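Enquirer: Under the working numbering, the final residue of the sequence shown carries the number 470; numbering is consecutive throughout.
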Amino acid sequence: MGTSPQEGPQERRHDCASDGVSPSISIVVLQPTPFCNIDCKYCYLPERDAKTVMPLETIVAAFERIFASGWVNPQLTVIWHAGEPLVVPPSYYQAAFEAIEKLRPDFVELRHSIQTNGMLLNAEWCEFFREWHMNVGVSVDGPRELHDANRVTRAGKGTFDKTIAGIRLLRREHVPFHVISVLGAKSMNMPEEMLDFYISEGIDDVCFNVEESEGTHVSTLLTGSDPVQSFRKFLDKFWTLSRESGRIQFVREIDGMIRRIFRPEGTEVDNAQVEPFGMVNIDCHGNVSSFSPELLGYKNVKYDNFTVGNVHRHSMAEMFESPAMQAMARDISAGVRACASECEYFSVCGGGAPVNKLTENGSFASTRTMFCSLIQIVPTDLILNALDRLEMQFDRATAVTMAAGAAGGGSYADPVGVEKFNGTRRAAANGAFNSAAAASVEAGTNIPKFRPEVPDVALHQIQRGSR
């Protein structure tokens, strides 16, 4: 059982933002170990050979600090990330989860998520996932020829067979899961083959990460002639084929973006990556960063290597006041303001990913990146283009109805609300919501309905090319 908000150690609630608004911690990213049992060619993780494991004492210290801060969102996602999490046994996570549960305030609904290469899955892991109702993701890049091109062992051999064995085990054990596939130059031209692969393996929840240049890795895809157009063609084709098949329930790049375009009027898009402590990222030594989790482990003198403190020595309030946090918050905020003033897609993006601004543009205080173009702009344009096509269908239906009414001497009624719908389309581009419009987009384009267990979009937005 969790404790009530009044029980246990309490830090003074600290209004740390300049406007007096306290942080809202919605995502905690923990690094149980930086070690990975494979050696993907596109991996950017700097310490994937290190076999250090986060001690239970560090996990306890982390959540004592987090829960005592008074800043925790009522819905908290805990992501076990970096390296290969399953190289640490289920008994480790059992002890960690039980310790966290003892500290959890009653008002907090906490969900654990994990992303794995699938090679170490067994019946014990499946039982553990079911017991804790975990959000499980498996990294697989498609058919054997695509997967084994990059996802290899330390001896350079392909990992496809073991990954697929893990996926098939999850299906037999009735453990819900999603997959993340990294798209490279070759797979970007193979939407049909990718769909056939997913269907053949019973995979119906799909997320795509476009191979990026991060850390020491330089993506050959992004140095190509027109990666944005390539991704647009891929996603458009895959979306069309997947909805025709009826076998794919969730495509993150589309379904996640629909909820950002059509949302309650007056609400802002949540972007935890640009808010101080919107995401709390903790490495296996207890060092803490915020904003994009990829920053943890990078080196940068200006921002003190992106480290704002350590859970064994500092409170959350002290970490917020650190020079590194204040410098990052200042420059990231400047970039967000610039995005808001310059970019017509700001209402569905909320300011982009700081790590991409820094690595692509050389500054947090900058605007559009390739990540923006690929992950935000391409899906938004595809969805709004689908809405345009739906409007045209409505217009034709209206013309037929009017002609029939005139021929019969009757009066014309607007059965589908075309005029209202056209106005809603323009509002939708600015982030306003209309339930009829949203339903029409889903029905008119056969977009799969959302299910209660759909993968967490925020989770997958931070796992771009990391495995």
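Ideal placement from N, C-alpha and C gives every residue a C-beta, glycine not left out. Note that the coordinates shown come from a computational prediction; the quantities given were computed from them, not determined experimentally.
With DSSP collapsed to three states, give me the class of residue 346.
Expert: coil
Enquirer: On a Cα-Cα basis, can you pick out the residue from 305, 36, 206 that is closest to residue 325?
Expert: 305
Enquirer: For residue 103, which residues of its own chain have a beta-carbon under 6 Å away from its beta-carbon, when the five flanking residues on both sides are left out?
Expert: 66
Enquirer: Here's the rule: buried if 16 or more other CB atoms are within 10 angstroms of the residue's CB, otherwise exposed. What is residue 395?
Expert: exposed
Enquirer: If distances are taken between C-alpha atoms only, which option among 145, 151, 230, 89 comes closest to residue 127?
Expert: 89
Enquirer: Taking the alpha-carbon positions, what's the residue 315 to residue 269 distance?
Expert: Computed Cα separation, rounded: 40 Å.
Enquirer: Runs of 3 residues minimum, wholly inside the region 250-336: which ones carry the beta strand (DSSP E) assignment?
Expert: 282-285, 290-293
Enquirer: What do you get for residue 24, buried or exposed, if any count of 16 or more other CB atoms within 10 angstroms of its CB means buried?
Expert: exposed
Enquirer: Can you tell me which of the three DSSP states residue 93 falls into?
Expert: helix
Enquirer: Going by C-alpha to C-alpha distance, which of 293, 131, 159 sits closest to residue 177?
Expert: 131
Enquirer: Tell me, to the nearest whole angstrom, how far the beta carbon of residue 77 is from that of residue 112; I am working on the premise that it is less than 8 Å.
Expert: Yes, residue 77 and residue 112 are in contact; Cβ-Cβ is about 6 Å, under 8 Å.
Enquirer: When the distance is taken between beta carbons, is residue 56 closer than 8 Å to residue 35?
Expert: yes
Enquirer: Between the region 164-172 and the region 133-146, can you find at least three pairs of beta-carbon atoms closer than 8 Å?
Expert: yes
Enquirer: For a quick check, are the C-beta atoms of residue 257 and residue 212 less than 8 Å apart?
Expert: no
Enquirer: Bridge partners of residue 112, per DSSP?
Expert: 78
Enquirer: Which of helix, strand or coil does DSSP assign to residue 30?
Expert: strand
Enquirer: When we look at the beta-carbon of residue 248 and count the other beta-carbons within 10 Å, is it buried (16 or more) or exposed?
Expert: By the Cβ-count criterion, residue 248 is exposed, with fewer than 16 other Cβ atoms from all chains shown falling within 10 Å of its own Cβ.
Enquirer: With distances taken Cα to Cα, identify the nearest neighbour of residue 69 among 205, 322, 193.
Expert: Nearest C-alpha to residue 69: 322.
Enquirer: I need the DSSP call for residue 73, collapsed to helix, strand or coil.
Expert: coil
Enquirer: Does the region 230-246 come close enough to the region 266-282 to have 3 or more Cβ pairs within less than 8 Å?
Expert: no
Enquirer: Grab me the residues of residue 149's own chain with a C-beta within less than 6 Å of its C-beta, minus the 5 sequence neighbours each way, in chain order.
Expert: 190
Enquirer: I need the straight-line Cα distance from residue 187 to residue 80, nearest angstrom please.
Expert: 29 Å
Enquirer: Does the region 288-307 come into contact with the region 381-388, if we say contact requires no fewer than three beta-carbon pairs (one atom in each stretch) closer than 8 Å?
Expert: Remark: fewer than three beta-carbon pairs, one from each stretch, lie closer than 8 Å, so the region 288-307 and the region 381-388 are not flagged as touching.
Enquirer: Determine the extent of the alpha helix (DSSP H) in which residue 84 is found, giving its start and end residues.
Expert: Counting along the chain, residue 84 falls outside any alpha helix (DSSP H), and DSSP gives it neither H nor E.
Enquirer: Can you tell me the Cα-Cα spacing of residue 356 and residue 377, whole angstroms?
Expert: 12 Å
Enquirer: Looking at residue 254 and residue 245, is the spacing between their C-beta atoms short of 8 Å?
Expert: yes
Enquirer: With 16 other CB atoms within 10 Å as the buried threshold, where does residue 156 fall?
Expert: exposed
Enquirer: If you reduce the DSSP assignment to three classes, tell me which class residue 375 lands in.
Expert: helix
Enquirer: Please confirm whether residue 327 and residue 311 have their CB atoms less than 8 Å apart.
Expert: Here residue 327 is near residue 311, since their CB atoms are less than 8 Å apart.
Enquirer: Express the C-alpha separation of residue 348 and residue 431 in angstroms, rounding to a whole number.
Expert: Any reading at residue 431 must be qualified, since the residue scores a pLDDT of 43, below 50, and its modelled position is unreliable; no value is offered.
Enquirer: In terms of alpha-carbon separation, which member of 133, 73, 174, 98 lies closest to residue 110?
Expert: Among 133, 73, 174, 98, the Cα nearest to that of residue 110 belongs to 73.
Enquirer: In its own chain, which residues sit with a C-beta less than 7 Å from the C-beta of residue 335, not counting the 5 before and 5 after it?
Expert: 277, 294, 357, 367
Enquirer: If we cut at 8 Å on Cβ distances, does residue 57 have a partner in chain D?
Expert: Annotation note: the requested chain D is absent from the structure, which comprises a single protein chain.
Enquirer: Within a Cβ cutoff of 7 Å, which residues of the same chain sit near residue 85, ignoring the five residues on either side of it in sequence?
Expert: 34, 37, 48
Enquirer: May I have the straight-line CA-CA distance separating residue 267 from residue 27, to the nearest angstrom?
Expert: Each residue's alpha carbon lies about 20 Å from the other.
Enquirer: In terms of residues, what are the limits of the beta strand (DSSP E) holding residue 210?
Expert: 208-213
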